[in-house]
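As C-alpha cells, the structure follows; a few thoughts come after it.
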Amino acid sequence: MNLTLHVWRQPGPTANGGLERYEARDISPDMSFLEMLDVVNEGLVESGQMPIAFDHDCREGICGSCGMMIDGVAHGPMQGTATCQLHMRSFADGASIYIEPWRSRAFPVIKDLVVNRGALDRIIAAGGFISAPTGSAQDANTLPVPKQSAEDAMDAAACIGCGACVAACPNGSASLFTAAKISHLGFLPQGQPERSRRASRMVAQMDTEGFGHCTLYGECQDACPKDISIDMIARMNRDYLVASLTTRDEKSAAGTG
Amino acid sequence: MELRSKSPSGPLEKKWDKHRFEMKLVNPANKRKYTVIVVGSGLAGGAAAATLSELGYNVKCFCFQDSPRRAHSIAAQGGINAAKNYQNDGDSIYRLFYDTIKGGDFRARESNVYRLAQISVNIIDQCVAQGVPFAREYGGLLANRSFGGAQVSRTFYARGQTGQQLLLGAYQALEKEIAKGGVTMYPRTEMLDLVVVGGRARGIVVRDMVSGTIETHLADDVVLGTGGYGNVFYLSTNAKGSNATAIWRAYKRGAAFANPCFTQIHPTCIPVSGEHQSKLTLMSESLRNDGRVWVPKRREDCGKRPQDIPEGDRDYYLERKYPSFGNLSPRDIASRAAKEVCDEGRGVGPGGRGVYLDFGDAIKRVGKDRIAERYGNLFEMYERITDENPYEVPMRIYPAVHYTMGGLWVDYNLMSTIPGLHVIGEANFSDHGANRLGASALMQGLADGYFIIPATIGDYLGSNKLEPVSPDSAEVKATEQAVRERTTKLLAAQGSRTVASFHRELGKTMWEYCGMARDAAGLRKALEIIPKLREEFWNDVRVPGTGAELNQSLEHAGRVADFFELAELMCLDALQREESCGGHFRMEHQTPDGEALRHDDQFAYAAAWEFAGDGKPPILNKEPLVFENVALSQRSYK
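Going line by line, the protein sequences match chains G and R.
Numbered according to the working numbering, the first sequence terminates at residue 540, and the numbering increases by one at each position without gaps.
Numbered according to the working numbering, the second sequence terminates at residue 1209, and the numbering increases by one at each position without gaps.
Right under this line is the structure:
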C-alpha cells in the first residue's frame, strides 16, 4: 500500500505547530498503525530529519500510552480499538490520512503527537482509590461479592486511561474517564465507605483541571477503545448528587460536568 | 565478591517469621527522616512505593512512562497464583512452594520461594480489599483457573486483564499516597546511573525525558523495580520501552548480575507476520486450559486448511508426549516441543513457524458462549491482529521471548551486592530459578513490593548509620559526568544507521544463538558477532536531534547500547552453564528422549557475574543452592 500522511508536527510545548506531508511507501496491510509510523520514522532519520514523536509502549491495547486523532477520529476508524491495535488493512491503498494529537485544553501538547495527560492521574489521586493500607485486609472470601457486581465493576475498570474520551468530546470533558473509576469502585462492597467522598472529590478535580462539562454527546463511548458505556456517567452523576446532599464538609462548588 | 544469601536458619516454614522478629525496626517518628528512591512503578515498584509511604518513609518514585499506571505489568493477562486452597483440591503453601521450585528446575533458593508461597495468600486479601474485580462464582466467592505446571486450580484472575487490574490497584494506592504527600512522582524520567558513595547506593542520576535535563536525586536507599530485559531480543512480548538500563548501570557500579541466560520463551504468542514486526503479542497461557495444541502428522499436510485435515492426521504432540500435564505442560517444555515439530517441517502458517491452538473441541463441549466468556477479549485481540476468527479456525501460535528469570542477584532481604540497593520483581533473579510458572510473576512482584521490601528496608536503615551525602560530592559529580558523556557520545556519532536497525540485528543474533536452544559453537559465534556489532553501533549510529529536548531516538539508543553489553553477558553465562535446565536448553545436554538434562553435581548454583571493568572479562561468583527440603529430581510432566 502507498499512503499520504498529513502529520501534526510541533517541536515543543510553546512552539507553533503545523501539518506536514509525508509519503508512506510499501506498507503491508498486516502492519499496525504504529508500525507504519515506525517505517516512516526510519525513513525520516535516514534522511536526516527528526522522527515523529508519539507515545506508545505495550502495543497490545492495554497500557493506554498511544492515542492520536486519525482523520479526526480518536484512535481511528475501528471501534473498540486503540491506535496500536489498528491495522493498515482498515485503510484503502492510496488513502490520505490526517494524524493529529489529542485535542483538549487539559492535555497540552509536549511535542508532535505527544501530550501531557497528567490531569488524569490527578483525578485518580483526588479519590479514585479504596483506602486499604497494605496488611490491613481480611481474608479475601470473607465478603462475598455478587458475580454481577464483579462483572459490572470489571466493565468499568477496563478503562486504560488513554484520554480518547476527552479528545473525542466536543466539550473536552473527562466525564467518561472519571465516571468509569467512580463506577468501578462504587459497584463493589469494598468501595462503599468512601463512595460519596470519592465522587465529590474526583468531580471537583476534573473541574479544576480544566476539562469541560458533559452534555451527553456520547462521542466518548464511541471513541473508547474498551467500549466503556456512557451509563457510567449517569452513575457518576447519581453518586455526585447523593454526595452533595449527604456530605457536609467536602461539597464541591462545581457541577458534575 | 562474597555472596551471603542471609537465609535464616531453622525450619523452612518458620524462617520468615523468625527473620521478621530478628530484623531491626525503624520507629514511626524516625521513618519520615529517611528518603527512599523507587525506580519503576509496576507491580513491584508501585506496590513498594505506596506501602513505604504508608509506613511513613519519604518516597521518590520514577517511571519512564507518562503515568505510573502504564508500567508493563499492565499487560499480564492470565492471573496470579495463591495457595488459598479455596477449591479444596489439595493445594497448600508447601505445594505451591514445591511446584515453583520444581517448575524452576531446581535452580532457585528454597527459603525465598517458600516465603513467596506463604505471602501469596496475603496478596489476594490485599488486592480484594483494594477493589480488584477478580472473577467470582455465582455465590459471590472467588473463582480460580488452572495454569501450566500445576495440577490444582490456584490462579485468581480478572478476565484476561489480571495484570491491568492488579496494577491499577497498586497505582491507585500510589496515587493516594501522592495526594497525601508521602510520594513524589517523577513520570517521563529515566534512570541513567546509580550513585554509589562509600560503597553504598545513595542515589540515582536521571534524565527528564521532556526537557532533557540531567540531574541527581539522593536518598538513603534505592529500590529498583525496573522489570526484565527480554527486549535484548528486539522481538518479545515486552513493551517497546521495557529496558535493562537501570539494572545494567547498577551492575556496572558493583551489583552482581545472576543467571542472565535464564530467559523464558512463552509458548503461546501470535507468530511473526513480516520484517516490519515491532513486537510480539502474547496469547494468555490460560488458553491452554481449553485449547488443544496440534500440527499435522505429515509435512505434506502443512499447506492444507486446518479444517481439511482429519482428526487422524493431526498430532496433538503435547498430549502425546506428556499425557498427565498435556496442553498444560510448563512453558519451557511446551515452547521447545513447538520448536521441535516446526524444525521437523511440520509447522503451519507463513514460514512454517507456527502450531495450531484449537478450540473446536472445547466449543463443542461447553458451547461458544462459555468460551467467549472465558477468553472473549483474547479472541478479539487475535482477530484484530491476524484477521482470522479463532472461533472458526484454530489460532496459530509460536513461542516468543516473554520473561527473564535472571536479574540482579539479591539476598533474602532482596538487597543486591551493593548495600542500600534493593531489587524487586522481575529485575531481580530470586524466585523462579531457570523457568517461571504461569501466574507467578504477578505474585512475585506484589510479594516483593507489598510485603517483603517494606520489612527488609527497615532492617537495613535501622542497622546502618548513614552519613549525609552532599550533592556536590565527587562521586555525585563523576556519575553525572559519566551520564553526560554517554549522551554526548551517542549524539555525536552521526552515522548512517538507525537505532532500530541495530536493535533488530542484535535481536536476530540473540534469537538465533541464545534463544530456545543453545550450543557452544553458536554461543561462541554470538560472542564474536556482538562486540563487532556494538563497535559498529557506537561508530555508525545516527541519533538525530539534541539531548535538550524530548528525543525518542536518543532514549532508544541509550537502551540499545546497554542491551549490547548485556547480550554478551547472557551468552557468556549460557556458555558456562554446561547443562540444560528450565528455559536454558543446551543441545549438548539432553536425555535420550530430548528432555533437559541437569548436572546437579556441578551446576546447582546461581551464577552471579561481577563487573570487572570495561573490556575485561566479568568474574563469575557462585552461590551454591542448598536443598534441605526437596529432593532434586528429573522434572517429569509425563
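C-beta: ideal position from N, C-alpha, C; glycine also.
Chain R within 8 Å of residue i, Cβ atoms only
i               : result
G479 of chain G : Position check: residue 479 of chain G holds Ser in this sequence, whereas Gly was assumed. No, S479 of chain G lies away from the interface with chain R (no Cβ there is under 8 Å from its Cβ).
I511 of chain G : no
M314 of chain G : yes
V290 of chain G : no
I382 of chain G : no
L302 of chain G : no
G350 of chain G : no
G474 of chain G : yes
D514 of chain G : no
Q421 of chain G : yes
V486 of chain G : no
V356 of chain G : no
A463 of chain G : no
According to DSSP, residues forming a beta bridge with residue i
i                : result
Y381 of chain G  : G:H289
W1180 of chain R : R:F828, R:L1191
S315 of chain G  : G:H370
T755 of chain R  : R:K631
E761 of chain R  : R:R778
E786 of chain R  : R:V777
Q1123 of chain R : Its beta-bridge partners do not exist; DSSP assigns none.
V794 of chain R  : R:V609, R:H993
M727 of chain R  : Looking at the sequence itself, residue 727 of chain R is Phe, so the reference to Met does not match. Answer is R:I651, bridged to F727 of chain R.
Contact with chain G by residue i, beta-carbon distance below 8 Å
i                : result
H847 of chain R  : yes
M762 of chain R  : no
V919 of chain R  : no
M952 of chain R  : yes
E890 of chain R  : no
R1075 of chain R : no
Within chain G, the residues that residue i reaches when beta carbons sit closer than 9 Å
i               : result
M966 of chain R : Residues of chain G passing the Cβ test: none, with the nearest at roughly 16 Å.
R640 of chain R : C346, G347, L403, D404, I407, I443, G444
Q636 of chain R : D338, D340, C346, S348
H643 of chain R : D340, C341, C346
CA-to-CA distance, residue j to residue i, given in whole angstroms
i                : j                : result
G613 of chain R  : I443 of chain G  : 15 Å
L302 of chain G  : G874 of chain R  : 46 Å
L1168 of chain R : F833 of chain R  : 15 Å
G731 of chain R  : E951 of chain R  : 11 Å
W291 of chain G  : V398 of chain G  : 12 Å
R521 of chain G  : S466 of chain G  : 10 Å
S535 of chain G  : S512 of chain G  : Confidence is the limiting factor: at S535 of chain G the pLDDT is only 49, short of 50, which leaves the residue's position unreliable, though a coordinate-based value still follows. If I take the Cα positions, the gap works out to 25 Å.
F470 of chain G  : N715 of chain R  : 21 Å
R1075 of chain R : G1129 of chain R : 15 Å
G540 of chain G  : L369 of chain G  : Interpretation of G540 of chain G is limited by its pLDDT of 47, a score under 50 that renders its predicted location unreliable; the figure taken from the coordinates is listed afterwards. When rounded, the distance between both Cα atoms is 31 Å.
M284 of chain G  : A409 of chain G  : 47 Å
S419 of chain G  : R1157 of chain R : 47 Å
K394 of chain G  : L1094 of chain R : 42 Å
Chain-ordered neighbours of residue i on chain R, where CB pairs are closer than 9 Å
i               : result
M332 of chain G : For clarity, residue 332 of chain G is Gln in the given sequence; the question names Met instead. Near Q332 of chain G (Cβ distances below 9 Å), the residues of chain R are P1115.
R372 of chain G : D958
Partner residues on chain R for residue i, Cβ-Cβ distance less than 8 Å
i               : result
E318 of chain G : H847, Q848, S849
H467 of chain G : G702, P704
L471 of chain G : G702, P704
T364 of chain G : R955
E325 of chain G : T1069, A1071, S1072
Chain R residues whose Cβ lies nearer than 7 Å to that of residue i
i               : result
E329 of chain G : T1069
P416 of chain G : E625
Chain-ordered chain G contacts of residue i [CB-CB under 8 Å]
i               : result
T975 of chain R : Ordered by position in chain G, no residue passes the 8 Å Cβ test against T975 of chain R, which lies about 17 Å from the chain.
L713 of chain R : A423, N424
Cross-chain neighbours of residue i in chain G, by beta carbon under 7 Å
i                : result
A1063 of chain R : Those within 7 Å of A1063 of chain R in chain G number zero; the least Cβ separation is about 15 Å.
G710 of chain R  : P427
V610 of chain R  : None at all; the shortest Cβ gap to chain G is about 17 Å.
Q: Kindly confirm or deny that the stretch 300-319 of chain G and the stretch 337-357 of chain G touch, where touching means at least three C-beta pairs closer than 8 Å.
A: Between the stretch 300-319 of chain G and the stretch 337-357 of chain G, the count of C-beta pairs closer than 8 Å reaches three or more; the two stretches touch.
Q.
Below 8 Å, how does it come out for the stretch 822-829 of chain R and the stretch 973-984 of chain R: are there three or more Cβ pairs, yes or no?
A. yes
Q. Can you find at least 3 beta carbon pairs, one from the stretch 1172-1180 of chain R and one from the stretch 1190-1204 of chain R, that sit closer than 8 Å?
A. yes
Q. Can you find at least 3 beta carbon pairs, one from the stretch 430-444 of chain G and one from the stretch 697-713 of chain R, that sit closer than 8 Å?
A. Under the Cβ criterion (8 Å, minimum of three pairs), the stretch 430-444 of chain G counts as touching the stretch 697-713 of chain R.
Q. Do the stretch 384-402 of chain G and the stretch 606-624 of chain R touch if we need at least three Cβ pairs shorter than 8 Å?
A. no
Q: Assess, as a yes-or-no matter, whether the stretch 840-848 of chain R is touched by the stretch 1100-1116 of chain R under the definition of 3 or more beta carbon pairs within less than 8 Å.
A: no
Q | the stretch 969-976 of chain R contacting the stretch 867-883 of chain R, beta-carbon criterion three pairs below 8 Å | A | no
Q) With a cut-off of 8 Å, do at least 3 Cβ pairs link the stretch 445-461 of chain G to the stretch 493-512 of chain G? A) yes
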